[in-house]
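There are 2 protein chains.
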Amino acid sequence: MSHTDIAVPDGVNNSLNIAISADGTAEVGRTYQIPARCGVAVRLARGQVLHIVNPSGSQVCDFFAFAAACLHEHLSMAHLHTSLASLFPKVGDALVSNQRRPLLTITADTSPGVHDTVIACCDHARYRELGCEGYHDNCADNLRMALMAIGLKAPLIPAPFNIWMNVPVQADGSTSFQPPVARAGDCISLRAEVELIAVMSACPQDITPVNGAGVSPDILAFRVSAS
Amino acid sequence: MSHTDIAVPDGVNNSLNIAISADGTAEVGRTYQIPARCGVAVRLARGQVLHIVNPSGSQVCDFFAFAAACLHEHLSMAHLHTSLASLFPKVGDALVSNQRRPLLTITADTSPGVHDTVIACCDHARYRELGCEGYHDNCADNLRMALMAIGLKAPLIPAPFNIWMNVPVQADGSTSFQPPVARAGDCISLRAEVELIAVMSACPQDITPVNGAGVSPDILAFRVSAS
């Protein structure tokens, strides 16, 4: 399948209908739920902190961020690897863009801190590979739809920050998909260093154990605080 | 620096003037040289093999590929990590696109096989970070210019396949930039599985030892064979 317009999803789900407001601005302090298998966008002012909660402990959040001033500037894992000299960001680390500018800083993380930065988000092609015949919810489309729901278009599908995704990397470079090691209620907090649009997708992967050994995609929750 | 048009380089070098032909088609069997610090595009028919040679042994090739039918389909390291279950491709492996389609297969590699798939290509922002004040040649711009030189526009700057770039990954995920371990004259061969545009940039990094302890960017060479 070849996109002439990269912003158009391969299929649709309820992500199109669950924007938290017309432009993605959140009510400070309010807790929002992300339905299982869906994506939601949130607009963050500089200095605001986004707290993402994993109610089940077993759910992965595919996380994307774009500078509000120009969506072509986006969180980039390949650039992050250079700035951190590591594959694994931790509390205190800045998460940089493809312009090598810090977009967010991890200010807190109650989980064991196991997150992935090397694996692409799931997409229509991934589920075809895994044997699905019809449409399967996927994080690439959730990103597209979450942006459409607040009137924006994805200019590309960046490699995501896969929060709670457990992909150990062995000394020989080999990788594997393992169940998350987070605990129910774990929370990661990300401070916006510029005005940005963050998108969180509650990963709908239900074939590999990315979202737990039970392969049952679950909800996520989030709230925004002023600092 | 924020690009409204991602295809426009931050500065220019001779990459604009060294296209091997109007549309990037190579003369089969002819050896072409890539000047130090520059990028060149080559159009490959399905089944043709691209042989990239490292005359000095110490030069990194930032490698990109786009499906000729739609440049939005491009070689993707994040998707490759899923398809290979590894960070390190080897002879026999297919290199997939963001549509999870094999674009190329590594058919031979006379080098020790140490290549990188996690680090972003160098760009204007990287050299500013490293203290450069004026314009510095960079692989992102070399990609843009190599495509412009054959009448195309880069729709994005994908994370590259960094051929001969030596970035060991430790068990804790930490990375470091080490000199290449290739030998003078080493060659990697890549078979095109679809018609595609490949771009090779002779990485101009002369501050970190990416291109050898002597930090002296050098030439690369290539030729195309029918099979």
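Taken in order, these protein sequences are the chains called A and B. Residue 21 is where the first sequence starts when you use this note's numbering, and the numbers rise one by one after that. Residue 21 is where the second sequence starts when you use this note's numbering, and the numbers rise one by one after that. Heads up, the beta-carbon is just placed ideally off N, CA and C, and yes, glycines get one too.
Can you grab the Cα-Cα spacing for the pair F86 of chain B / T51 of chain A, in whole Å?
The count along the second sequence starts at 1 and reaches residue 86 of chain B at position 66. The count along the first sequence starts at 1 and reaches residue 51 of chain A at position 31. Each residue's alpha carbon lies about 42 Å from the other.
Quickly, what does DSSP pair P122 of chain A with across the bridge? List them, please.
Taking the first residue of the first sequence as position 1, residue 122 of chain A is located at position 102. P122 of chain A pairs with A:V116.
In the structure shown, what three-state DSSP assignment does S103 of chain B receive?
Residue numbering aside, residue 103 of chain B sits at position 83 when the second sequence is read from its first letter. S103 of chain B: helix per DSSP, three-state reduction.
Give me the Cβ distance between L124 of chain A and R211 of chain A, rounded to the nearest whole Å; I'm assuming they're in contact under 8 Å.
Here residue 124 of chain A refers to the residue found at position 104 of the first sequence. Here residue 211 of chain A refers to the residue found at position 191 of the first sequence. The pair is a contact, with the Cβ atoms about 6 Å apart (cut-off 8 Å).
Rounded to whole angstroms, what is the Cα-Cα separation between H92 of chain B and G154 of chain A?
By one-based count along the second sequence, residue 92 of chain B stands at place 72. By one-based count along the first sequence, residue 154 of chain A stands at place 134. Cα-Cα distance, rounded: 24 Å.
Using the beta-carbon of each residue, which ones in chain B are nearer than 7 Å to E149 of chain A?
Against the first sequence, residue 149 of chain A aligns to sequence position 129. Correct list: R120.
Do H71 of chain A and P109 of chain A have their CB atoms nearer than 8 Å?
Locating residue 71 of chain A in the first sequence gives position 51, where the first residue counts as 1. Locating residue 109 of chain A in the first sequence gives position 89, where the first residue counts as 1. Cβ distance not < 8 Å, so H71 of chain A and P109 of chain A don't count as in contact.
Three-state class that DSSP yields for G159 of chain A in the structure shown:
Numbered from 1 along the first sequence, position 139 holds the residue referred to as residue 159 of chain A. It is worth fixing the name first, because residue 159 of chain A is Cys in this sequence and not Gly. Helix at C159 of chain A.
Indicate the three-state DSSP secondary structure (helix, strand or coil) for R164 of chain B in the structure shown.
Residue 164 of chain B sits at position 144 when you count from the first residue of the second sequence. Three-state DSSP puts R164 of chain B in a helix.
Euclidean distance between Cα positions of S236 of chain B and D113 of chain B:
Position 216 of the second sequence holds residue 236 of chain B. Position 93 of the second sequence holds residue 113 of chain B. One C-alpha to the other measures close to 31 Å.
Under 9 Å by beta carbon: chain B residues contacting I139 of chain A
Stepping through the first sequence from its first residue, residue 139 of chain A is reached at position 119. By Cβ distance, chain B contributes A98, H99, H101 and T102.
Going by the beta-carbon positions, is the gap between H101 of chain A and T102 of chain B smaller than 8 Å?
Walking along the first sequence from the start, residue 101 of chain A turns up at place 81. Walking along the second sequence from the start, residue 102 of chain B turns up at place 82. Going by C-beta atoms, H101 of chain A is not nearer than 8 Å to T102 of chain B.
Quick check on DSSP: helix, strand or coil for H71 of chain A?
Translated into the one-based positions of the first sequence, residue 71 of chain A becomes position 51. H71 of chain A: strand per DSSP, three-state reduction.
So that I know if they touch, is there some Cβ in chain B lying closer than 8 Å to that of M21 of chain A?
Here residue 21 of chain A corresponds to residue number 1 of the first sequence, with the count starting at 1. With a pLDDT of 42 at M21 of chain A, under the threshold of 50, the predicted position of this residue should be treated as unreliable, though the coordinate-derived value follows. Output row for M21 of chain A: interface = yes.
Taking Cβ-Cβ distances shorter than 7 Å, what residues in chain D pair up with I26 of chain A?
In the structure shown, chain D does not exist; the protein chains are A and B.
Tell me, please, whether the stretch 28-42 of chain B touches the stretch 228-246 of chain A by the rule of three or more beta-carbon pairs shorter than 8 Å.
no
Where does the unbroken beta strand (DSSP E) through E149 of chain B begin, and where does it stop?
On the second sequence, position 129 is the one that residue 149 of chain B refers to. Premise fails: E149 of chain B lies in the alpha helix (DSSP H), H144 to E149, not in any beta strand (DSSP E).
So if DSSP puts M220 of chain A in a beta bridge, which residue, or which two residues, is it bridged to?
Counting from one through the first sequence, the residue named residue 220 of chain A turns up at place 200. According to DSSP, which records beta bridges pairwise, M220 of chain A is partnered with A:V60 and A:F83.
Any beta-carbon of chain A closer than 8 Å to the one on T195 of chain B?
Numbered from its first residue, the second sequence carries residue 195 of chain B at position 175. By this cut-off, T195 of chain B is an interface position.
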